[in-house]
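Notes follow once the structure below has been shown.
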Amino acid sequence: MELLEEGFEDVMAVMSLTEKYRKRLRTTNSIERLNEEIRRRDCVIQIYPNEASVL
Numbered sequence: 897m898e899l900l901e902e903g904f905e906d907v908m909a910v911m912s913l914t915e916k917y918r919k920r921l922r923t924t925n926s927i928e929r930l931n932e933e934i935r936r937r938d939c940v941i942q943i944y945p946n947e948a949s950v951l
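My numbering applies: residue 897 is where the sequence shown begins, and numbers increase by one.
In structure tokens:
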């Protein structure tokens with residue numbers, strides 16, 4: 897119960913946003929998709945000449 901109480905305010909902070917942003921944040925699909933693309937490109941490239949090419 898203590899863990900739930902500790903994170904309650906952080907979770908409820910989303911409710912102060914407009915509906916437009918809440919819809920975007922209620923799913924992690926966009927984050928998962930981005931991570932998958934990074935992994936996919938990493939497998940192809942393997943060697944990066946500089947830090948800028950990583951991004």
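Beta carbons: idealized from backbone N, C-alpha and C, even for Gly. Remember, it's a predicted structure, so these values are computed and weren't measured experimentally.
Distance from residue 910 to residue 920 at the Cβ level is roughly 10 Å; contact not present, criterion being Cβ atoms closer than 8 Å. In the DSSP annotation of this structure, the continuous segment of the alpha helix (DSSP H) that includes residue 908 starts and ends at 898-908.
Going by DSSP, residue 921 is part of the alpha helix (DSSP H) stretching over 915-921.
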